[in-house]
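For what it's worth, the UniProt record's numbering labels the leading residue of the sequence shown as 1, then goes sequentially.
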Amino acid sequence: MRRIFNKIRRVWKFYTAVNWMKTIYFNYKKFPFRIARKLPVMFYGSVKFSDISGEIILDVPEVKRGMIGFGQKFELPTRSKRIAELSVMGKLVFKGHAHIGIDCFVHVGEGAYCEFGYMSCLGSNVKLICKEEVILSDWVGIGYESQLTDSNFHPMMNTETGELYPMTSPVHLAKYNAFSNRISIMPGTKTPENCVIASNSVVNKDYRDWGSNILIGGVPAKLIKQNYNRDWEGEKEMLKKFKIIW
Numbered sequence: 001m002r003r004i005f006n007k008i009r010r011v012w013k014f015y016t017a018v019n020w021m022k023t024i025y026f027n028y029k030k031f032p033f034r035i036a037r038k039l040p041v042m043f044y045g046s047v048k049f050s051d052i053s054g055e056i057i058l059d060v061p062e063v064k065r066g067m068i069g070f071g072q073k074f075e076l077p078t079r080s081k082r083i084a085e086l087s088v089m090g091k092l093v094f095k096g097h098a099h100i101g102i103d104c105f106v107h108v109g110e111g112a113y114c115e116f117g118y119m120s121c122l123g124s125n126v127k128l129i130c131k132e133e134v135i136l137s138d139w140v141g142i143g144y145e146s147q148l149t150d151s152n153f154h155p156m157m158n159t160e161t162g163e164l165y166p167m168t169s170p171v172h173l174a175k176y177n178a179f180s181n182r183i184s185i186m187p188g189t190k191t192p193e194n195c196v197i198a199s200n201s202v203v204n205k206d207y208r209d210w211g212s213n214i215l216i217g218g219v220p221a222k223l224i225k226q227n228y229n230r231d232w233e234g235e236k237e238m239l240k241k242f243k244i245i246w
């Protein structure tokens, strides 16, 4: 009897957490009926659609219900400030299940390309701004209150030569990257596979020559430790069970 009660409570908690109006509206607006009826993208809590005129692509072998969660409460903080916002004018691609925490801001500008790999994740209060190209490969986790942008937003120049620096530069985060909290991921960042980035760091260049299984951190980030990595294999099944709704 206790097991049945707990199951009913979990189901009730899930159904009351989903923002059904935004979920149904988004899916039927962005996908053909045969895909929309499966509700592959689910929104939890309050969220503002600033502009969703762009393209949403599910590049997956099989579309499943709730495979993309926006506003999921999978971290210790569970109370929302109701500031979540989604703006997609370019192309947003999902390669599998992906999870976006509470109070996140995701912006994909006109003509830009943003990709989420399988089991990629944004923690709560993360800001992702894509003006050219941002790629999160499989099993990339970005900790809470971090920011990721591929743009400087303003034209910067060399004051001696008058040369203008590029305003945007692609960001590519390789597989099995664990970003801690409050990290700034800046234009031009490229990471190797199996990499850990320490809290409060600033990453802003190509780190792939440093090799895999490394810990980097600092302002700007430097190599801190080698032969260091998150135990992804030990956590995989737990993360799937915890984050995948259906």
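All C-beta atoms, glycine included, are put in the ideal place defined by N, C-alpha and C.
Which residues in the same chain have their Cβ closer than 6 Å to the Cβ of residue 92, if we skip the five residues on either side of it in sequence?
-> Within the sequence shown, residue 92 is the residue found at index 92, counting from 1. Non-local beta-carbon contacts of residue 92 in its own chain, meaning distances under 6 Å to residues more than five positions away in sequence, involve 56, 108 and 114 in chain order.
Local conformation of residue 143 per DSSP, three classes = For the purposes of this step, residue 143 is identified with residue 143 of the sequence shown, where counting begins at 1. Note: residue 143 maps to coil in three-state DSSP.
Can you tell which of 200, 63, 216 and 101 has its C-alpha closest to the C-alpha of residue 80?
-> In the sequence shown, the residue the question calls residue 80 occupies position 80. Among 200, 63, 216 and 101, the Cα nearest to that of residue 80 is on 101.
Distance, Cα to Cα, residue 171 vs residue 17?
-> Here residue 171 is taken as the residue at index 171 of the sequence shown, counted from 1. Here residue 17 is taken as the residue at index 17 of the sequence shown, counted from 1. Between residue 171 and residue 17, the alpha-carbon positions lie close to 33 Å from each other.
Excluding the 5 residues preceding and the 5 following residue 128 in the sequence, name in chain order all residues of the same chain whose CB lies nearer than 6 Å to its CB.
-> Within the sequence shown, numbered from 1, the residue matching residue 128 stands at position 128. Only 106 and 148 meet the Cβ criterion.
Bridge-paired residues (DSSP) for residue 149 | Taking the first residue of the sequence shown as 1, we reach residue 149 at position 149. In the DSSP output, where bridge partners are listed per residue, residue 149 has 129.
Excluding five sequence neighbours on each side, which residues of the same chain lie with their C-beta closer than 7 Å to the C-beta of residue 248?
-> No answer is possible for residue 248: the residues shown for the chain start at 1 and end at 246.
To which residues of the same chain is residue 212 closer than 6 Å at the C-beta, ignoring the five residues directly before and after it?
-> Mapped onto the sequence shown, residue 212 falls at position 212. Cβ contact annotation for residue 212 (same chain, cutoff 6 Å, sequence separation greater than five): 192, 193 and 194, in chain order.
Would you report the Cα separation of residue 96 and residue 158, rounded to the nearest angstrom?
-> As a working note, residue 96 is residue 96 in the sequence shown. As a working note, residue 158 is residue 158 in the sequence shown. Straight across, the Cα-Cα distance linking residue 96 with residue 158 is about 42 Å.
Within 8 Å: the Cβ of residue 105 and any heavy atom of the ligand SAH?
-> The ligand content of the structure shown is nil, which means the ligand SAH is not present either.
Determine, using beta carbons only, whether residue 177 and residue 139 come nearer to each other than 9 Å.
-> What you label residue 177 is simply residue 177 of the sequence shown in a count that begins at 1. What you label residue 139 is simply residue 139 of the sequence shown in a count that begins at 1. Result yes, Cβ atoms of residue 177 and residue 139 sit closer than 9 Å.
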